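Single-structure report; data block below.
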């Protein structure tokens, strides 16, 4: 694709205008979600505050990791276009993507992980995270959804978008690559048993520039994008970008009200204020409803199902879902797979393996 246009540039000796990295959608350290959580933290109960503080900590880690990746890309000195923090919606599918890099010779989808703890990739492709004390003793381990599978789904969505927009044919599919960057320099990745097709997609963030240059140098067949097409591709992707809205009521059992009416124009720098009375009443109701949660039939059934499945698969029960996630199921009462996915900790893999059973248990207890 674009070979004749690129050849024309070479023959006419017309140089490319793009010489350095250019952010089409910039990395922004000022995070709206973090600001909203800071405001929410001021008025919620102590129990909810602990949960919010933990989420803020993880969010801050993630932002730091993305900042490191943005720095590496900005200092790559390569003619690339960069998109950051996308929420793509296409054909009833969604994808949250950290970075997309568009070059004349490739498109790279980057998933950034600033992980707490060490990580092991097993022979079967499972990802397990280990938490250690300061003495190096493992006190907790948990399975996580494969970031590689997640990235592969993102790649498929981008391919569909570009094909639909008329910029891609089947022969162009191989130009989209993906990589997971581990942004925590202290993280140890044990991948000695993992297959090569997995490990080649996982790198430390300081290796990113070399990865980008490797992808650029490896495409020597002249099957490249002219510069004009690079910009058209970014426009096609941005066409399906939208804003991801956090449902605080579903996530924490609280709601907030902005200090302006929906139809009024507000100052962009204006901070949201929260309705404390509404939050206190809702928290009280939640406490009353969950007071005897462990005695409820749905709690017992979900716990029994978890135990049975864990013995069947010879894994720890919390690999399926921990007690906090179990209580979230009871609170949300998901009736569809999409509703189950809205609960933190339930990605595509868990939903595919256990979703139908969990939903059946929920429905039987409505």
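Numbering (full-length UniProt numbering), first residue to last: 1 to 366. Glycine is no exception: its CB is placed at the ideal position from the N, C-alpha and C atoms. Owing to the predicted nature of the structure, the values given are computational and were not obtained by experimental measurement.
Close Cβ partners of residue 213 (< 8 Å) along its chain, the five nearest in sequence each way excluded: Excluding residues within five positions, the ones whose Cβ falls inside 8 Å are 76, 78.
For the 8 Å Cβ check, are there 3 or more pairs between the stretch 16-26 and the stretch 229-249? yes
Where the alpha helix (DSSP H) through residue 248 begins and ends: DSSP places residue 248 in the uninterrupted alpha helix (DSSP H) bounded by 248-252.
To the nearest angstrom, report how far apart residue 211 and residue 221 are at their CA atoms. 19 Å
Considering only residues of the same chain and omitting the five flanking positions on each side of residue 18, which have a CB-CB separation below 7 Å? 79, 227
Which residue or residues does DSSP assign as beta-bridge partners of residue 110? According to DSSP, residue 110 bridges with 99, 179.
Out of 40, 29, 167, 20, point me to the one whose CA is closest to residue 246's CA. 40
Can you name the residues that DSSP bridges to residue 23? 82
What does the alpha-carbon distance come out to for the pair residue 179 and residue 111? 6 Å
Hey, could you find the ends of the beta strand (DSSP E) residue 118 is sitting in? 118-121
Which residues mark the beginning and the end of the beta strand (DSSP E) in which residue 143 is found? From DSSP, the beta strand (DSSP E) with residue 143 extends over 138-144.
Return the chain-ordered list of same chain residues with a C-beta closer than 8 Å to the C-beta of residue 167, the five sequence neighbours on each side being excluded. 1, 229, 232, 233, 236
Residues sharing a beta bridge with residue 202, DSSP: 180
Taking the C-alpha atoms as reference points, what is the distance between residue 68 and residue 51? In this structure, the straight-line span from the alpha carbon of residue 68 to that of residue 51 is close to 26 Å.
Would you call the CB atoms of residue 332 and residue 146 closer than 9 Å? no
Separation of residue 98 from residue 251, as counted between CA atoms: Rounded to the nearest angstrom, the gap between the Cα atoms of residue 251 and residue 98 is 22 Å.
Pop quiz: residue 205 and residue 183 are said to be a contact at Cβ under 8 Å. What is the actual Cβ separation, rounded to whole angstroms? That belief holds up - the Cβ atoms of residue 205 and residue 183 are roughly 5 Å apart, short of 8 Å.
Would you identify the three-state DSSP class for residue 319, choosing helix, strand or coil? helix
Classify residue 363: buried if its beta carbon has 16 or more other beta carbons within 10 angstroms, exposed otherwise. exposed
For residue 116, count the other beta carbons within 10 Å of its own beta carbon; 16 or more makes it buried, fewer makes it exposed. Which is it? exposed
Length of the line joining the Cα atoms of residue 358 and residue 338: 13 Å
Starting from residue 302, follow its DSSP beta bridges and name the residues at the other end. Answer is none; residue 302 lacks a bridge partner.
Report the three-state DSSP secondary structure of residue 361 (helix, strand or coil). helix
By how many angstroms is the C-alpha of residue 347 removed from the C-alpha of residue 353? If I take the Cα positions, the gap works out to 10 Å.
First and last residue of the uninterrupted alpha helix (DSSP H) at residue 128: From DSSP, residue 128 is part of no alpha helix (DSSP H) but of the beta strand (DSSP E) over 127-132.
As a quick exercise: from 53, 181, 216, pick the residue whose alpha carbon is nearest that of residue 114. 181
Proximity below 9 Å, CB of residue 129 to CB of residue 137: Cβ atoms of residue 129 and residue 137: not closer than 9 Å.
Taking C-alpha atoms, which residue in 340, 192, 131 lies nearest to residue 124? 192
Does DSSP put residue 14 in a helix, in a strand, or in coil? Here residue 14 scores only 43 on pLDDT, less than 50, and its place in the model should not be relied on; the value that follows carries that caveat. In the structure shown, residue 14 sits in coil (DSSP, three-state: anything other than H, G, I, E or B).
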